[in-house]
Ligand code: SF4
């Protein structure tokens, strides 16, 4: 009887061209049950402090979670982690799709990639057969062609391919990994790390079964069936299926929290041109899913009109619509879909890419980037052609695109002057499309997250604002006892945030997609506990699951401490402390004083020293990772 | 009156309509109207009437109004 894991990691030394197997036991996995926890553990063990993120000493790990590959909706995610070339901090990103489950069914819990190949290679995995293959003929190919070639060479069209396009090959610091041409490990620049190792991709075919590894496969399957049946009966999962994340645009705009023109404004005057109804009419070609997921929230688009957009690379999510749309002042949904397609072709993180475009536009409008640098093009807000040009230049590192490919922080330092103010980032990672001035807990998350600004580190404030809402009732299961207004930035907000951060982090450990568990969606807290117990056989309760999430965050934090990060890096861009210029929250800014007070309260709740933002030895010991304290001295 | 059930709110409409025409002979309390339509007030985070934010409690609507409602996810 298993405990949910294959117990096996594949180690690949790209410099020497050799592979080996590393086994771990159940006692180890109980502490690090995959995903973010296992990844952070491995980074601390494998990477020496201060290595060049794009050098051979950096290590890229790809690991599944305990539940990844289970026949349960949203149990699809794997974690990619390395020292981030964008932030120099702990870098991590989760992706769904099919690749993680396929790796598990091939018998591997994860892959540790070290060194650098002498020339482009790809990794071919068929169950326990592993080969490092020449990829010189694939380098420079777009993912669609490269995937077809790898499948052909594997002799199996069911092969799942994780790979990079030219964004990763050119080491754009926010390049992504792509699997099945439409699922991304978007954040933190993991594509650049893969590119720096001369690794084009990893083709995997696994013919095993999850039931071979689960403690109680029947119980896991029964939970999966029960959840799948309920997708249409729960308003939130039903909505994800109907509209997917593109459905979020109008509501955020109405609430005044739709980031517009590089976060200057909170509402977009032409929002009606980019809302879901237009998406459905002008773009949508199909609804798609990830492995075994009955929610099916992924969209696919095809356009043959003002722009030609291929359906090969999926469809834009809310983040991409918000980023290339309102945040660049653009209301042409077809152009946005084209930008999304380019991010797929080039394997760029659409959040950072669109944020860098908005940054460049604001610089241009202030004369900090000049027409001589743009071939005469007007890189102003609202110019869709300019947006597409900038994306292209970034991917190819053409002209000033070479500088922009370094990310907004580095670009701003070179450009100088007000450019620093226009760079909307935390720790070097660009802000996603959620407005902290309207939901301040999201701002706390942007500030403290080890990898820089990220919107999935916790659950957003409005979900626990109204005691009569479905989401509040779900959050109450996690110990959120009182409703808190979305704009209340207080010590009690910090406390609620911390619990929800642990829950989100836990999901990233075991491999749940953010759109599975409550409070965001339909899988109730006790069902998550039930699923973990059935998969592992361990007698864990929800407090233990929260502790697993907290452990993972603490390991990531130790990594950052070792790299020299401290409280002053847990901050927000200055602009967020200024009033919004338009929308329902016009005139509202965050208060610095409240922010600092809440931050101090948050460190206390986390058991960290408020001065340095370092975990205390006591807290690490309480989390079963006392050894990590020694790494911080 | 034209009513938009944004986000997941149209799940509560038996026909899952995102936009509804609601004929109103006289002004009514929006909260009472929502009760008739089986939309739980706890799920409504944002109310926009004729382009302006409003509070659900105690607000009246009448024929000719354009009312948009959004839940906490993707609203609030
Ligand atoms: S909810 Fe959507 S993103 Fe998440 S696993 Fe299902 S289809 Fe994939």
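Protein chains in written order, with this note's numbering: chain A, 1455 to 2087; chain B, 413 to 488.
All C-beta atoms in this analysis are idealised placements derived from N, C-alpha and C, irrespective of residue type, glycine included.
Remember, it's a predicted structure, so these values are computed and weren't measured experimentally.
query	result
Cross-strand partners of residue 1588(A) (DSSP beta bridge)	1575(A)
Residue 1402(A) versus residue 441(B) - alpha carbon distance	Nothing can be reported for residue 1402(A): it is not among the residues displayed for chain A, which extend from 1455 to 2087.
C-beta neighbour in chain A for residue 480(B), strict 9 Å	yes
Identity of the residue in 1742(A), 1572(A), 1500(A) and 2047(A) nearest residue 1944(A) by Cα	2047(A)
Interface partners of residue 1690(A) on chain B, CB under 8 Å	420 and 485
Pairwise C-alpha distance: residue 1503(A) and residue 1891(A)	35 Å
Option in 1490(A), 1699(A) and 1524(A) with minimal Cα separation from residue 1458(A)	1524(A)
Own chain residues within Cβ distance below 8 Å of residue 1559(A), not counting five before or after	1523, 1660, 1661, 1662, 1663 and 1664
For residue 1534(A), the first and last residue of its enclosing alpha helix (DSSP H)	Unbroken run through residue 1534(A) is the beta strand (DSSP E), 1532 to 1537; no alpha helix (DSSP H).
Separation of residue 1926(A) from residue 475(B), as counted between CA atoms	33 Å
Three or more C-beta pairs below 8 Å linking the stretch 423 to 435 of chain B and the stretch 1686 to 1696 of chain A	yes
Any non-hydrogen atom of the ligand SF4 closer than 8 Å to residue 1752(A) Cβ	yes
Residue burial classification, residue 1886(A) (beta-carbon count within 10 angstroms, cutoff 16)	buried
Exposed unless 16 or more other CB atoms sit within 10 angstroms - verdict on residue 413(B)	buried
Residues bridged to residue 1638(A) [DSSP beta-bridge criterion]	1632(A)
Cβ of residue 1698(A) within 9 Å of any chain B Cβ	no
Proximity to residue 2067(A) [Cα-Cα], best of 2019(A), 1628(A), 2042(A) and 1531(A)	2019(A)
Contacts of residue 1693(A) in chain B (Cβ-Cβ under 7 Å)	419, 420 and 423
Beta-carbon gap between residue 1708(A) and residue 460(B) smaller than 9 Å	yes
Other residues of its chain near residue 1871(A): CB distance less than 7 Å, five sequence neighbours each side excluded	1822
Secondary structure of residue 1678(A), DSSP reduced to three states	helix
Cβ pair count under 8 Å reaching 3, the stretch 1595 to 1610 of chain A against the stretch 1651 to 1658 of chain A	yes
Contact check, residue 1445(A) vs residue 1938(A), beta carbons under 9 Å	No information on residue 1445(A) is available, as it lies outside the stretch 1455 to 2087 that chain A covers here.
Proximity below 9 Å, CB of residue 1785(A) to CB of residue 1836(A)	yes
As assigned by DSSP and simplified to three states, the class of residue 1518(A)	strand
Limits of the unbroken alpha helix (DSSP H) element including residue 1844(A)	1838 to 1850
Assigned secondary structure, residue 1699(A) (DSSP; H/G/I helix, E/B strand, else coil)	helix
Assigned secondary structure, residue 361(B) (DSSP; H/G/I helix, E/B strand, else coil)	Given that chain B is displayed from residue 413 to residue 488, the structure contains no residue 361(B) and the question cannot be resolved.
Residue 1971(A) (DSSP reduced to helix, strand or coil)	strand
Residue 1743(A) CB to nearest heavy atom of the ligand SF4 below 8 Å	yes
Secondary structure of residue 1893(A), DSSP reduced to three states	coil
Proximity test, Cβ basis, 9 Å: residue 1552(A) and chain B	no
Contacts around residue 2028(A), its chain only, beta-carbon distance under 8 Å, and the 5 residues preceding and following it disregarded	1875
For residue 1763(A), the residue or residues it bridges with in DSSP	1757(A)
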